[in-house]
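**Q** Residues in the sequence shown are numbered from 317 upward in steps of one, following my numbering. Note that CB positions come from ideal geometry on N, CA and C, so glycine has one too.
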Amino acid sequence: MKTMDMIGLALGRLRTSRLRTALTMLGVIIGVASVVALVAVGQGSTQDITNRLQALGTNLLTVNPGSAVTAGTFGGAGSAATLTLADAEALESLPVLAGVAPEISSSQLVVAGDANTTTTILGTTADYPYVRNYELWQGSGLTDASVANELRLAVVGASTADDLGLGAADIGTEIKIGGLPFRVAGILQEKGGSGFQDPDDQVLIPVTTLQKHFSGSDAVRTIAVSATSADTIAAASTAITELLRAEHGLGLVEDDDFQILDQAQLLETASAVSDTLTLMLAGIASISLIVGGIGIMNIMLVSVRERTREIGIRKAIGARSRDILSQFLIESVTLSLVGGMIGVLLGVAATYVIGSFADWDVVLDLTTIALAVGFSVAIGVIFGVWPARQAARLDPIAALRYE
Numbered sequence: 317m318k319t320m321d322m323i324g325l326a327l328g329r330l331r332t333s334r335l336r337t338a339l340t341m342l343g344v345i346i347g348v349a350s351v352v353a354l355v356a357v358g359q360g361s362t363q364d365i366t367n368r369l370q371a372l373g374t375n376l377l378t379v380n381p382g383s384a385v386t387a388g389t390f391g392g393a394g395s396a397a398t399l400t401l402a403d404a405e406a407l408e409s410l411p412v413l414a415g416v417a418p419e420i421s422s423s424q425l426v427v428a429g430d431a432n433t434t435t436t437i438l439g440t441t442a443d444y445p446y447v448r449n450y451e452l453w454q455g456s457g458l459t460d461a462s463v464a465n466e467l468r469l470a471v472v473g474a475s476t477a478d479d480l481g482l483g484a485a486d487i488g489t490e491i492k493i494g495g496l497p498f499r500v501a502g503i504l505q506e507k508g509g510s511g512f513q514d515p516d517d518q519v520l521i522p523v524t525t526l527q528k529h530f531s532g533s534d535a536v537r538t539i540a541v542s543a544t545s546a547d548t549i550a551a552a553s554t555a556i557t558e559l560l561r562a563e564h565g566l567g568l569v570e571d572d573d574f575q576i577l578d579q580a581q582l583l584e585t586a587s588a589v590s591d592t593l594t595l596m597l598a599g600i601a602s603i604s605l606i607v608g609g610i611g612i613m614n615i616m617l618v619s620v621r622e623r624t625r626e627i628g629i630r631k632a633i634g635a636r637s638r639d640i641l642s643q644f645l646i647e648s649v650t651l652s653l654v655g656g657m658i659g660v661l662l663g664v665a666a667t668y669v670i671g672s673f674a675d676w677d678v679v680l681d682l683t684t685i686a687l688a689v690g691f692s693v694a695i696g697v698i699f700g701v702w703p704a705r706q707a708a709r710l711d712p713i714a715a716l717r718y719e
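#1: Using alpha carbons as the reference points, say which of L520, G502, V679 and A546 lies closest to I487.
#2: Just checking my contact of V447 with I556 at CB under 8 Å: how many whole Å lie between their CB atoms?
#3: For the beta strand (DSSP E) holding L469, just list the boundary residues, first then last.
#4: Use the C-beta contact count for G328: other C-beta atoms within 10 angstroms, 16 or more gives buried, fewer gives exposed.
#5: Pair every Cβ in the segment 426-445 with every Cβ in the segment 455-466, then say whether three or more of these pairs are closer than 8 Å.
#6: Does DSSP classify Q454 as helix, strand or coil?
#7: Would you mind listing the beta strand (DSSP E) stretches within the segment 402-428 that are 3+ residues and don't spill past its ends, in chain order?
#8: Out of curiosity, what's the CA-to-CA distance linking G494 and D572?
#9: Between the segment 531-546 and the segment 409-424, can you find at least three pairs of beta-carbon atoms closer than 8 Å?
#10: Taking the alpha helix (DSSP H) that T667 belongs to, which residues open and close that run?
#11: Report the partner residues of R499 according to the DSSP bridge assignment.
#12: In chain order, what residues of the same chain have a beta carbon less than 6 Å from the beta carbon of A353, not counting five sequence neighbours either side?
#13: With DSSP as the reference, identify every bridge partner of P515, one or two as the case may be.
#14: Evaluate G391 with the Cβ neighbour count: other Cβ atoms within 10 Å of its Cβ, from every protein chain shown; 16 or more gives buried, anything less gives exposed.
#15: When the distance is taken between beta carbons, is D681 closer than 8 Å to Q359?
#16: Which residues in the same chain as V660 place their Cβ atom closer than 7 Å to its Cβ, once the five residues preceding and following it in sequence are excluded?
#17: Do A397 and L482 have their C-beta atoms within less than 8 Å of each other?
#18: List the whole-angstrom C-beta distance separating I437 from I521, where the pair is believed to meet the contact cut-off of C-beta under 8 Å.
#19: Between S553 and chain B, is any beta-carbon pair separated by less than 8 Å?
#20: Return the residue from the list T433, V500 and L407 that minimises the CA-CA distance to W453.
#21: Can you tell me whether V678 is buried or exposed? The criterion is at least 16 other CB atoms within 10 Å of its CB, across all chains shown.
#22: If I measure Cβ to Cβ from L401 and keep anything under 7 Å in the same chain, skipping five residues before and after, which residues do I get?
#23: Excluding sequence positions up to five away, which residues of its chain have a Cβ less than 8 Å from the Cβ of L605?
#24: What's the call for K507, buried or exposed, on a 16-neighbour Cβ count within 10 Å?
#25: Look up I323 in the DSSP assignment and say whether it is helix, strand or coil.
#26: Please go through the same chain and pick out, in chain order, the residues whose beta-carbon is closer than 8 Å to the beta-carbon of E647, but skip the five residues on each side of it.
#27: What is the C-beta distance between T435 and V519, in whole angstroms, given that I count them as a contact (C-beta under 8 Å)?
#28: If you reduce the DSSP assignment to three classes, tell me which class T337 lands in.
#29: Could you tell me the distance, in whole angstroms, from the CA atom of R625 to the CA atom of K631?
#30: Identify which residue in V654, D321, V669 and A635 has its Cα closest to the Cα of L339.
#31: In the structure shown, what three-state DSSP assignment does D547 receive?
#32: Just grab the DSSP bridge partners of T441 for me.
#33: Who does L577 pair with in a DSSP beta bridge?
#34: Which one or two residues does DSSP pair with L520 in a beta bridge?
#35: Just verifying my parser: in three-state terms, what is the DSSP assignment at V678?
#36: Keeping to the same chain, check which residues put their C-beta closer than 6 Å to that of G457; ignore five residues upstream and five downstream.
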């Protein structure tokens, strides 16, 4: 018997008992739909993490102070005041760095007209937007001259500008920070939230101005630097370490009094964790496919018993064992394949529903869909072999006598 004839016969048999066929395919449908939807959510979260980390800066490294030691007890990372503006100026001489932005922060009340808000005032330099991957929406940013002359200029983050009711027309107007007047030089383009801290809720001012009026110290909380390219990040980290150890007068056996965080390492770690969670979700969803396969095997075994006389008649008129085997195996694969295709449609629909109502990022990958369908077909083959072999091995005489 030709393969197309067997497929037609299999579809005909499945149409004769539609309800049983639908219930048999249900496990495969749920399994494939779950795999497609959950993997899409997992890949979407991976992409979201990647985008968030990349948005923090281009080829970014952050240099943080070390841990303070009090009575033999180590404080948290960054608790020591071991980095200064002089360190940032020294780092500017490294050719492997494309930008250096020291950061000193203070929380202050900002007043614009009748509106006010308390937010982070970040003292930094002209390189900050480049290093931290910000863009200007209106106006201009900080300049080397404003830092050198301790000018009272402010570049307002998007969220802070909204809170204060500032727009394009307010460039050049005056706001008060901590009671002191500052001129609005520019407004940053909205960047979007990242974790618990909104990167748009801040005001940038020259680092020297913040040092003079609000901190009274040249200790910095972080020095953000950008390597010239992704390939030079490792070389940049080594060069920074050597320079700062020399600047701080550390001996060969002394530990670093600073820490360097590599954005690429954070990205790799976050992606690895997210990929693991995605695989775990896919594994859990695949259990439904296995359950569906067991259902297919069960219904095919029942079908073999119901059609014992039919099998005997077919063998008596010349059907070979492999014809019987192929027929039942094709019926099993057809069940799983049709169920898989319906599951893909439901999975795609569920993915868009989840993305719309939960406001999650989702990524539909054709490879995932193809693997889900392929796995469902494999389930049909694996769980259909035994019933098909049972049918093929029936003795025709015994089958004809079966009631």
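**A** Quick look at the numbers:
#1: G502
#2: Incorrect: roughly 13 Å between the Cβ atoms, too far for contact.
#3: L469 to V472
#4: exposed
#5: yes
#6: strand
#7: 413-428
#8: 36 Å
#9: yes
#10: S637 to F673
#11: L469 and E490
#12: G663, A666 and T667
#13: Paired residues: none, contrary to the question.
#14: Confidence at G391 is low in this model, with a pLDDT of 45, below 50, so the placement of that residue should be treated as unreliable; the coordinate-derived value is given next. Counting Cβ neighbours within 10 Å, G391 comes out exposed, since fewer than 16 surround it.
#15: yes
#16: V348, V352, I685, A688 and V689
#17: no
#18: 6 Å
#19: You won't find chain B in this structure, because it holds only one protein chain.
#20: V500
#21: buried
#22: P418, V523, D534 and V536
#23: G343, V344, G347, V348, V351, F691, S692 and I695
#24: buried
#25: helix
#26: A326, R329, L330, M616, S619 and G700
#27: 6 Å
#28: helix
#29: 10 Å
#30: V654
#31: helix
#32: DSSP, once it has assigned bridges, lists no residue as partnering T441.
#33: T378
#34: L438 and V471
#35: coil
#36: P445, V471 and G502
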